[in-house]
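Student:
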Amino acid sequence: MKFFLLTIFAIAVVSAVEDYNAPEWQPIDWAKVIPADELPGFWENTVFAQLAPRSNRERRIVGGHEATPHAHPYQVALIHQRVILATMCGGSVISPTVILTAAHCPIGSQSSTVITGAHNMNVIEPNQQRRTVQSAQYRIHANYNSQNLNNDIATMILLQPLTLNQFVAVIPLAQANAGTFAGVTGQSIGWGRTVDGGASSPVLRVVQNPIITNAVCAQTFGTAVVNAAVICTDTTGGRGTCQGDSGGVLSVSQGSGRLQVGITSFGSSAGCQAGFPAGYERVSAQIGWINSNMS
């Protein structure tokens, strides 16, 4: 019996070791990776295309700063493989086998590389864990609407669980009775673009913005976009999330940690520095859907 237990333990240890020869560990050709919402035609015929000129649509985390390395162990980088290009988004670890992201990120891709425990995306850091997720393991909200980004939420199921540690951790989710969070400072993170037309940030960046009421947000985007399942932040001064940050975490302080209240979804077509609100899928409004799509 002792030998049997030792054998099982050894198998478990081996299964937890990263396979650095697996496809997800191949070098990423960043010249062929673009933010998901820069795909040709992504914004055509949408509500957003009518709100402001499209010429200034280049977006990135602006007005923020580099995050303390590994201070946000729940943040995930996602590379979605498509026929020609690959697209980049963010996500969050909500269980050892489930990644939460925006629906517009993986939809239409063949597979995705999930990168956890990362800070500098140009380096294969020793704390990283990587997984490949096939499209069959995507759970896209059935009522996702690409025209107004309603129900912009998805989960991605990992067949090989993550090993949770100080570099890879689960973030708690806001529950149905959590309230609106209006007036609370929200924190957004991501590897989105840092220069108009330039490359995405190699290091994780963070920005803080006040959460506003949906009534104020709807003054910019209208009620067809801003419904009860949306949460918005004020980006006055050009501080906010931008292209490449979609799917990432909007969180608020909770005790000594963070609580995820939103999933980065949309911004003004006038550009991130224009000072218009930024929109996120509201986690508390979708918690029932999330709980039903954990496998």
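Residues -16 to -1, 1 to 279 in mature numbering (1 follows the signal peptide of the UniProt record, and there is no 0) are what the sequence shown spells out, letter by letter.
Glycine residues also receive a C-beta, built at the ideal position from the N, C-alpha and C atoms.
According to DSSP, simplified to helix, strand and coil, what is P7?
Tutor: helix
Student: Pairs of beta-carbons, one from the segment 204 to 219 and one from the segment 263 to 276, closer than 8 Å: are there three or more?
Tutor: The count of Cβ pairs closer than 8 Å, one atom from the segment 204 to 219 and one from the segment 263 to 276, reaches three, so the stretches are in contact.
Student: According to DSSP, is N275 helix, strand or coil?
Tutor: N275 falls in the helix class under three-state DSSP.
Student: Report buried or exposed for F250, applying the criterion of at least 16 other Cβ atoms within 10 angstroms of its Cβ.
Tutor: Residue burial is scored here from C-beta neighbours: F250 has at least 16 other C-beta atoms within 10 angstroms and is therefore classed as buried.
Student: According to the neighbour-count rule (16 or more other Cβ atoms, all chains shown, within 10 Å of its Cβ), is T52 buried or exposed?
Tutor: That one is exposed.
Student: For P7 and D13, I'd like the C-alpha separation in whole angstroms.
Tutor: Taking the straight line joining both Cα atoms gives about 13 Å.
Student: Leaving out five residues before and five after N275 in sequence, what residues of the same chain have Cβ atoms less than 8 Å from its Cβ?
Tutor: none
Student: Going by DSSP, what residues sit across from E265 in a beta bridge?
Tutor: V214, I247
Student: From N132 to G241, what does the alpha carbon distance come to, in whole angstroms?
Tutor: 32 Å
Student: Taking residue 281 and A87 to be in contact with their CB atoms under 8 Å, please state how far apart those CB atoms are, rounded to whole angstroms.
Tutor: Because the chain spans -16 through 279 in this model, residue 281 falls outside it and cannot be assessed.
Student: Are the segment 24 to 32 and the segment 161 to 172 touching by the rule of at least three beta carbon pairs closer than 8 Å?
Tutor: At 8 Å Cβ cutoff, the stretches do not touch.
Student: Which residues in the same chain have their Cβ closer than 8 Å to the Cβ of G272, if we skip the five residues on either side of it in sequence?
Tutor: A160
Student: Going by other Cβ atoms of all chains shown within 10 Å of its Cβ, with 16 needed for buried, is V107 buried or exposed?
Tutor: exposed
Student: Touching or not, the segment 60 to 78 and the segment 89 to 97, by the rule of three or more beta carbon pairs under 8 Å?
Tutor: yes
Student: According to DSSP, simplified to helix, strand and coil, what is T204?
Tutor: helix
Student: Would the beta-carbon of S230 fall within 8 Å of that of D3?
Tutor: no
Student: Please name the residue in Q192, P261, L23 whose C-alpha comes closest to that of M72.
Tutor: L23
Student: How big is the Cα-Cα spacing for S279 and P194?
Tutor: 34 Å
Student: For Y122, report the span of its beta strand (DSSP E) as first-last.
Tutor: 122 to 124
Student: Inspect the beta-carbon positions of S237 and I155 and report whether they are closer than 8 Å.
Tutor: A distance of 8 Å or more separates the beta carbons of S237 and I155.
Student: What is the residue span of the beta strand (DSSP E) that Q171 lies within?
Tutor: 169 to 174
Student: Throw me the rounded Cβ distance for the G74 and G232 pair, which I believe falls under 8 Å.
Tutor: 3 Å
Student: DSSP state of N198, grouped into three classes?
Tutor: helix
Student: Where does A166 sit, in a helix, a strand or coil, going by DSSP?
Tutor: coil
Student: Kindly indicate which residue of P186, A262, A166 has the alpha-carbon position closest to the one of A102.
Tutor: P186
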